[in-house]
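Novice: Shown below is the structure under consideration.
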Amino acid sequence: MLFLYTCKQAHQKLSENLDRELSLTERAQLKLHLSMCASCSNFKTQMQTIRMAMKQMAAGKSSDQDPQQ
Ligand SMILES: [Zn+2]
Numbered sequence: 001m002l003f004l005y006t007c008k009q010a011h012q013k014l015s016e017n018l019d020r021e022l023s024l025t026e027r028a029q030l031k032l033h034l035s036m037c038a039s040c041s042n043f044k045t046q047m048q049t050i051r052m053a054m055k056q057m058a059a060g061k062s063s064d065q066d067p068q069q
């Protein structure tokens, strides 16, 4: 049975997701929480940005990013 994550749990899972693959149950619970919580949704976006930057660094890409913000 699914239970709702607290924001603290959701943040923790989003962080863990950077280090490991979450289980189906964890992802379902996280998705459920994110669908109802704007602040955690924003946090997830930030995490994805960080993750992408880390991947690019790992791939040895130069930092010729678009200067527009
Ligand atoms: Zn939340």
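Residue numbers for the sequence shown follow the UniProt record's numbering, beginning at 1 and rising by one.
Glycine included, each C-beta is placed from N, C-alpha and C at the ideal position.
Note that the structure is a prediction, hence the values are computed from the model and not measured.
Heavy atom of ligand 1 less than 7 Å from the Cβ of Ser39, yes or no?
Specialist: yes
Novice: Beta carbon of Ala10: closer than 7 Å to some heavy atom of ligand 1?
Specialist: At a threshold of 7 Å, Ala10 counts as near ligand 1, since its beta carbon sits closer than that to one of the ligand's heavy atoms.
Novice: Do you know offhand how far Ser41's Cα is from Leu4's?
Specialist: Rounded to whole angstroms, Ser41 to Leu4 spans 15 Å at the Cα level.
Novice: Mind the definition here: the stretch 5–12 touches the stretch 26–42 only if three or more C-beta pairs lie below 8 Å; say whether that holds.
Specialist: yes
Novice: Select from Gly60, Met36 and Lys13 the residue whose C-alpha is nearest the C-alpha of Thr25.
Specialist: Lys13
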